[in-house]
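Notes follow the structure.
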Amino acid sequence: MGGANLWGTHKDEIFTPPAIDDGKLELVAVTGSFHLANVSINLSSAIRLAQGKQIKIKFIKPSTLSAQVDGEPWIQKPCEITIEHLNQAKMLCAPHDNLKEEITGYLDFEGTLF
């Protein structure tokens, strides 16, 4: 969910604050669409489940479960999934103010940009 802080901001004795360069993955859960909506507008945070370089998830109930990784949803049947951090790519980005000025100089549009 772009812009939403699923991990939340409250301090925790078990988990460390997430960082883009720590090589760790964060696993969170939401209880339903209402909880997800509250998380997306920063009224709540998701439930912290795990944090680490490798996370193993066992789905033990005989029913299916809605799952999502990095914005990609699917329906998951009972199984065992292992997720681990493999690599990290460096990304280049122009400074935000310069990008806005550059784009608006080439585009003719209606509405708000940025």
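Residue numbers (numbering that gives the first Met the number 0): 0 to 113.
Built from N, CA and C at the ideal position, the CB exists for glycine as well.
query: Mind checking histidine 67: buried by the 16 CB within 10 Å criterion, or exposed?
result: Taking the first residue of the sequence shown as position 1, residue 67 is located at position 68. A quick correction: the sequence has glutamine, not histidine, at residue 67. The residue is exposed, with fewer than 16 neighbouring Cβ atoms inside 10 Å.
- prompt: What's the C-alpha gap between leucine 112 and isoleucine 59?
  reply: Within the sequence shown, the letter at position 113 stands for residue 112. Within the sequence shown, the letter at position 60 stands for residue 59. Bear in mind that the predicted position of leucine 112 carries a pLDDT of just 48, short of 50, making it too unreliable to give a figure here.
- request: Sort Ile74, Lys57, Lys52 and Gly70 by Cα distance to alanine 18 and report the nearest one.
  value: Counted from its first residue, the sequence shown places residue 18 at position 19. It is Lys52.
field: Residue burial classification, glutamine 50 (beta-carbon count within 10 angstroms, cutoff 16)
entry: Working through the sequence shown from its first residue, we reach residue 50 at position 51. Under this definition glutamine 50 is a buried residue.
- prompt: Where does the unbroken alpha helix (DSSP H) through leucine 35 begin, and where does it stop?
  reply: As a working mapping, residue 35 is identified with position 36 in the sequence shown. Run containing leucine 35: 32-39, per the alpha helix (DSSP H) assignment.
message: With DSSP as the reference, identify every bridge partner of alanine 49, one or two as the case may be.
response: For the purposes of this step, residue 49 is identified with residue 50 of the sequence shown, where counting begins at 1. In the DSSP output, where bridge partners are listed per residue, alanine 49 has Leu26.
Beta-carbon spacing of glutamate 71, leucine 24 below 9 Å: As a working note, residue 71 is residue 72 in the sequence shown. As a working note, residue 24 is residue 25 in the sequence shown. Contact flag unset, no.
- request: Measuring only between beta-carbons, confirm whether aspartate 11 sits less than 9 Å from chain B.
  value: The structure shown contains no chain B; it is built from a single protein chain.
task: Spatial neighbours of lysine 76 within its chain, please: CB distance less than 7 Å, with the 5 preceding and 5 following residues excluded, ordered by chain position.
output: Here residue 76 refers to the residue found at position 77 of the sequence shown. Excluding residues within five positions, the ones whose Cβ falls inside 7 Å are Thr63.
field: As assigned by DSSP and simplified to three states, the class of glutamine 75
entry: The count along the sequence shown starts at 1 and reaches residue 75 at position 76. Glutamine 75 sits in a strand when the DSSP states are folded into three classes.
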